[in-house]
Amino acid sequence: MVIPDLKAEGRDEALQEMVHFLKERQVISHDEELFEKLVQRENLGSTAVGDGIAIPHCKLAEVTSPLIALAVSKKGVSFFSLNGKPTSVFFLVISPPENPSLSLQILAAIAQLVRKASSLPKRILSAKTPRRMIEVIREEEEKLHE
């Protein structure tokens, strides 16, 4: 699932926009609960990992299997990154609470991809379509396994 053009400028606004996107598409129904959980997690420490990327995540009883959404902001979002630079690429991860090890595996895989694929944010931002954005991620994943 791709949210190709976030309009938000700030952290909470971006999270709200992502949650709204999921609710509009009937992927989730407990939008207020999801938003609160994402904000609570961000308040523990920003999930911005540098290079314009963030991995906001939480557990939500409503989901029965992990949900990963890619969200992209061409102008960048103030997301409290350590370097103070705007965040443009978001990997939103929502997991069922009963399988914490799977959640950790997903977060670790995304973190490894982000760490090793230095051109990833630039390539995602230059992709013209949501389909191409996903293709870019797959291409970068394949490079990790070569």
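If you read the sequence shown in the numbering used here, its first letter stands for residue -10, the second for the next number, and so on.
Glycine is no exception: its CB is placed at the ideal position from the N, C-alpha and C atoms.
All values derive from a computational prediction rather than experimental measurement.
Whole-angstrom distance between residue j and residue i, CA atom to CA atom
| i | j | result |
| --- | --- | --- |
| residue 124 | residue 50 | 30 Å |
| residue 59 | residue 121 | 12 Å |
| residue 101 | residue 107 | 11 Å |
| residue 19 | residue 47 | 13 Å |
| residue 70 | residue 31 | 11 Å |
| residue 9 | residue 131 | 32 Å |
| residue 62 | residue 35 | 17 Å |
Presumed contact (8 Å Cβ cut-off) between residue i and residue j, rounded CB distance
| i | j | result |
| --- | --- | --- |
| residue 4 | residue 45 | 6 Å |
Where residue i falls: helix, strand or coil (DSSP)
| i | result |
| --- | --- |
| residue 113 | helix |
| residue -3 | coil |
| residue -8 | strand |
| residue 8 | helix |
| residue 28 | helix |
Complete alpha helix (DSSP H) runs within the region 41 to 106 (minimum length 4 residues, chain order): 89 to 105
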